[in-house]
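Undergrad:
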Amino acid sequence: MVVLKSFTFINNLDSNPVRHAKELQLAQIRSHVSKVTHKNARMKQTVEADPEPTPRRRGCRSNLRTTALHHNPDPHGPLCLPDHTGDDHVCSTCKHRSLVWDRLETPSTCRDQDRDRKTLPAQLATSSRPTRTFTTPSHLPSTFRYRDLTDGLPVGLDLGLEAFRGLRTNAFRGGRAARDCVVDVRMDQYFQYLAPRFYLVCDVFHITNIYAAFLMMRENTAFSHASVATTFRLMETRGPTALEPSYNVLNHRGHAISLLRKTLATKGADFHHAALMIMTFLTILEEQLGNMQAFEIHRKNVSLLVQQCGGIDAFEDGGAIKGTLLQWDTIWDMQTGKSIFAYRHLAPKVDYPKLPHDQDTLRLTTTMMLPPGLQTLGQSQRLSTHALVVLARAADYTRRKAKGPRPGWAPQVDSGRRYNDFSEACPALNMPEDPQCKLENLVCTCLIVYCCLAFVEARCIDILVRGARTQLTQRVPGFHPLTSPEDNLECHRAEQQCQIWMWILTVDSWRIVDVPYHQRASALGPPGHALLCKLLQEHPHLCRLEEVEKVVGKFLWTEELRKSLSLYWELTAADIVVAELLE
1 MVVLKSFTFI NNLDSNPVRH AKELQLAQIR SHVSKVTHKN ARMKQTVEAD PEPTPRRRGC
61 RSNLRTTALH HNPDPHGPLC LPDHTGDDHV CSTCKHRSLV WDRLETPSTC RDQDRDRKTL
121 PAQLATSSRP TRTFTTPSHL PSTFRYRDLT DGLPVGLDLG LEAFRGLRTN AFRGGRAARD
181 CVVDVRMDQY FQYLAPRFYL VCDVFHITNI YAAFLMMREN TAFSHASVAT TFRLMETRGP
241 TALEPSYNVL NHRGHAISLL RKTLATKGAD FHHAALMIMT FLTILEEQLG NMQAFEIHRK
301 NVSLLVQQCG GIDAFEDGGA IKGTLLQWDT IWDMQTGKSI FAYRHLAPKV DYPKLPHDQD
361 TLRLTTTMML PPGLQTLGQS QRLSTHALVV LARAADYTRR KAKGPRPGWA PQVDSGRRYN
421 DFSEACPALN MPEDPQCKLE NLVCTCLIVY CCLAFVEARC IDILVRGART QLTQRVPGFH
481 PLTSPEDNLE CHRAEQQCQI WMWILTVDSW RIVDVPYHQR ASALGPPGHA LLCKLLQEHP
541 HLCRLEEVEK VVGKFLWTEE LRKSLSLYWE LTAADIVVAE LLE
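For the sequence shown, position 240 (counting from the first letter as 1) is numbered 240 according to full-length UniProt numbering, and the numbering increases by one without interruption.
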C-alpha cells in the first residue's frame, strides 16, 4: 500500500475571507493534519505487520460542490496549502469538503470528519486566541489581543453589541491600506458609528452625501492611506487628553504623501481629480494634528489644483468632488475665516417669506411642524424660506427619534437635486455680518452642531463640529435681539430664548468626551467653562436644570442632550457660583 506524505486541501470558501474565516480555515487545516498524521502512523504499523495489500472499501462521500484551491500568491487571499505533484505524490480530487488522502478514506473516517466539523465552532470558542504584535506604543499595548479591540470605545456604547466592538464575522476589510486587524476595526467603527451622523447632517441640509462614495474612493491606494490616517487620529483625539500621533497615523500619512507625489509626477493631469480628494483628507488630518502650517499649505495646493482643472464650476453638480471641496471649505471658513473660493464672499440672495404667506410657508409656520420658538421666529419673518425648510427636516428627525406624533405633512428629503454645500441650502451662512441675516446665520450654524450631537450618546467631536462651534463661541454671547419689545414683544422674547438655546448647545459642544464619572464636574473644556460663566452672569436662574429645560424645550432638543447636560450642568454651575461668592 502507498501511504501519502502530503495532501491536497479542498474548500469552497470565498476567495477573500475575513479574519474569522481565515481562522476557521486554519483550524480545519490543523485538525485534518493531525488526523492525517495519526492515520499515516497507524497505517504504517499495519503495513509493517501485514505487507499484503488489502482491498479498498469505497467510502461515503458528501455531495457538496468543491473546488481545489491551489497556491495563492496573494498574502491577503484565502489561506490554503500548496498542491504538490511529483512521482511520489498522488493528486486526487473528491467531492468531500475536506482533506483527501489517496485510498485511506473509510466510511468511519467520513463520520469522524463530519462529527469534528460540527464541534469545530465549540472548539474555536474555547481555544486560545493567537497573539499579534504591533509597533504602536503610543496608544496600543505591545501585545495586541482580541480583547484589546474593545478598549477605548466611546462612552455609552454597549461592548456586547457586535456592531460596535469591531469583532463582527462579516466586517469588511479596511481597503488597500489594510495590513492588520487594527485598520479593519477602526474603519468598522467609523462606518458603524461615525458615518451615520454625517448622513443625518446631509439629509437635514439636503446636500450631497460625500460620505456615501467613501468606500468606492478607497480603491485608490493613496486615498485609502489618507483616510485610514484621518480615522485613526479622529479616534485618538476623542478622550480627555489628546494622545500624540500614533505609529499608525504617521505611517499611513507618510504612505499617502509619498504615493501622491509619485502619482502626480507620472500621471499628471490624469490624476488631478483623485489628487484633490487625497489632498482634502490630508488637510483634514493636518488640522487634527494641529499642524496649521501644513494645513494652510495643503489648502493652497487644493486651490491651485482646482484652478488647473478649470475652477470649481468645472466639476459636476451633485458629484463627490465638488461636494467635498465646497462642504469642507465651508467648515474651514468657519474655523479660520478664510475661504479658498473667492465667489463665496459675494452676497447671495436670501428669500424671506412675505405676507400673505404661500401655502408651504403657512404649513411651516402655522402648524406643529416647527417647535414653538422657531415657529414664532418664522411668523415674524426672522427666518428665510430656506432655513424654515431645513429646520422642519431637523424637527421631523427629532420627533422620529423621540417616537412622538408627526404632522401629516413633512418636507421631502429625497426630492429634487441636492445642494452641493451648506451655504447653498442656507444662503445666510455666507452672510455672517448682515444685520438681517445674523440670527439666521447663527441658527443654521447651530443646526450643524445639533445634528452631530443630538442623536447619539457616544459623541465624537470632529472637525465638522469644531468649525461650527468656533463661530458660535465667538458670536453667540454678543448677539442682541434685532426686534425691539415695543415693535413686537413676542418676537423679541423668542429671539432672546433662541440665543439662550444656541448658547446652551454651544456650551455642551465643549463637553470633553470619556471623562470619568467622578470628575464630571470638570467635564467642560476651558472655552465651554468660560461660556457657562458668562451665561450664568446674565441669566442666574439657569443654574437649575429645570429652568434650562423650559427654554430649550421650545426649540430643538433631544433626550441625549438632556442626559449630557445632567452629567455636569448643576455641579459645574454650583462651582461657578461658589467661586464668585468667594471672590
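In this text, a Cβ means the ideal position worked out from N, Cα and C, and glycines have one as well.
All of these numbers come straight from a predicted model, not from anything done at the bench.
Going by C-alpha distance, which of VAL551, ILE331, ARG218, PRO427 is nearest ALA275?
TA: The shortest C-alpha separation from ALA275 is found at ARG218.
Undergrad: Report back the beta-carbon spacing between VAL449 and ALA387 to the nearest angstrom; my notes put them in contact at under 8 angstroms.
TA: Their Cβ separation, rounded to whole angstroms, is 15 angstroms, which puts VAL449 and ALA387 out of contact at 8 angstroms.
Undergrad: Going by CA-CA distance only, name the one from VAL515, ALA530, SER522 that's closest to THR473.
TA: Measuring from the Cα of THR473, the nearest candidate turns out to be ALA530.
Undergrad: At the level of alpha carbons, what is the spacing between ARG562 and GLU286?
TA: Spanning the two alpha carbons is a distance of roughly 33 angstroms.
Undergrad: Which of the three DSSP states is assigned to TYR352 in this structure?
TA: Here TYR352 sits in coil by DSSP.
Undergrad: I'd like to know if the stretch 368-380 and the stretch 484-496 are in contact, where contact means that at least 3 CB-CB pairs between them fall below 8 angstroms.
TA: Cβ pair count under 8 angstroms is three or more, so yes.
Undergrad: Near TYR211, which residues of its chain fall below 8 angstroms by C-beta distance, leaving aside the five closest residues on each side in sequence?
TA: Excluding positions up to five away in sequence, the list reads ALA195, PHE198, TYR199, CYS202.
Undergrad: Near ALA320, what residues of its chain come up, given a Cβ to Cβ distance below 6 angstroms and the 5 sequence neighbours on each side ignored?
TA: For ALA320, where only same-chain residues beyond five positions count, the Cβ hits under 6 angstroms are ILE210, ALA213.
Undergrad: Could you give the distance in angstroms between the alpha-carbon of ASP329 and the alpha-carbon of GLU316?
TA: Each residue's Cα considered, the two are about 17 angstroms apart.
Undergrad: From the DSSP secondary-structure annotation, give me the bridge partner or partners of ILE29.
TA: None; ILE29 has no bridge partner.
Undergrad: Which partner residues of residue 634 appear in the DSSP bridge assignment?
TA: Outside the displayed range of the chain (1 to 583) lies residue 634, so it cannot be described from this structure.
Undergrad: The alpha helix (DSSP H) spanning GLU547 covers which residue range?
TA: Its alpha helix (DSSP H) spans residues 545-552.
Undergrad: Residues in the same chain with beta-carbon distance under 8 angstroms from VAL302, minus the five sequence neighbours each way, listed in chain order, please.
TA: Cβ neighbours of VAL302 beyond the five flanking positions: LEU276, MET279, THR280, THR283, LEU325, ILE340.
Undergrad: Tell me whether GLU433 is buried or exposed, calling it buried when 16 or more other Cβ atoms sit within 10 Å of its Cβ.
TA: Per the 10 Å Cβ criterion, exposed.
Undergrad: Give the straight-line distance between the Cα atoms of PRO407 and ALA395, rounded to the nearest whole angstrom.
TA: Caution is warranted here: a pLDDT of 45 is assigned to PRO407, below 50, making its placement in the model unreliable, and the coordinate value is therefore given only provisionally. Taking the straight line joining both Cα atoms gives about 11 angstroms.
Undergrad: Going by the beta-carbon positions, is the gap between PHE555 and PRO371 smaller than 8 angstroms?
TA: Yes, these two residues count as a Cβ contact at 8 angstroms.
Undergrad: Determine which residues share a DSSP beta bridge with LEU524 and list them.
TA: For LEU524, which the question treats as bridged, DSSP gives the partners ARG511.
Undergrad: According to DSSP, is ARG218 part of a helix, a strand, or is it coil?
TA: In this structure, ARG218 counts as coil in the three-state DSSP scheme.
Undergrad: Here's a check: name, in chain order, each residue in its chain whose Cβ is nearer than 8 angstroms to the Cβ of LEU305, leaving out the five neighbours to either side.
TA: Answer for LEU305: HIS272, ALA275, LEU276, MET279, listed in chain order.
Undergrad: So the candidates are ASP487, ASN488, THR445, VAL476; which of them puts its Cα closest to the Cα of ALA468?
TA: Closest option to ALA468, Cα to Cα, is THR445.
Undergrad: Keeping to the same chain, check which residues put their C-beta closer than 7 angstroms to that of ILE500; ignore five residues upstream and five downstream.
TA: Within the same chain, ILE500 has close Cβ partners HIS539, VAL551.
Undergrad: PRO245: which of GLY290, ASN420, ASP508 sits nearest, CA to CA?
TA: Checked all of GLY290, ASN420, ASP508; the closest Cα to PRO245 is GLY290.
Undergrad: In whole angstroms, give me the CA-to-CA distance for PRO481 and ARG475.
TA: Rounded to whole angstroms, PRO481 to ARG475 spans 13 angstroms at the Cα level.
Undergrad: Only counting the same chain, and skipping five residues up and downstream in sequence, which positions put a Cβ closer than 7 angstroms to that of TYR190?
TA: Here the set comprises THR231.
Undergrad: If you count every other CB in all the chains shown that lies within 10 Å of the CB of residue 588, and 16 or more means buried, which is it?
TA: Coverage of the chain is limited to positions 1 through 583, which leaves residue 588 absent and any answer about it impossible.
Undergrad: Going by C-alpha distance, which of LEU571, ASP184, THR208 is nearest HIS225?
TA: When only C-alpha atoms are compared, the closest one is ASP184.
Undergrad: Sorry if obvious, but does the Cβ on ARG520 come closer than 7 angstroms to a heavy atom of the ligand SAH?
TA: Among the components of this structure there are no ligands whatsoever, and the ligand SAH is therefore not found.
Undergrad: Going along the chain, which residues of its own chain have a beta-carbon closer than 7 angstroms to the beta-carbon of LEU264, five neighbours each way excluded?
TA: Only PHE271, ALA275 meet the Cβ criterion.
Undergrad: Distance, Cα to Cα, LEU581 vs LEU532?
TA: Approximately 16 angstroms between the Cα atoms of the pair.
Undergrad: Return the first residue and the last residue of the alpha helix (DSSP H) that ASP333 is part of.
TA: Note, ASP333: alpha helix (DSSP H), 320-336.
Undergrad: For ALA579, count neighbouring C-beta atoms within 10 Å of its own C-beta (all shown protein chains included) and say buried if the count is 16 or more, exposed if not.
TA: ALA579 is exposed by the Cβ-count criterion.
Undergrad: Measuring only the C-alpha atoms, how far is LEU374 from ILE207?
TA: Computed Cα separation, rounded: 22 angstroms.
Undergrad: Out of GLU546, ASP333, PRO485, CYS437, state which residue places its alpha-carbon closest to the alpha-carbon of ARG466.
TA: Of GLU546, ASP333, PRO485, CYS437, the residue nearest in Cα terms is ASP333.
Undergrad: Based on Cα-Cα distance, which residue from THR483, PRO477, TRP569, LEU542 lies nearest to ARG511?
TA: Per the Cα distances, TRP569.
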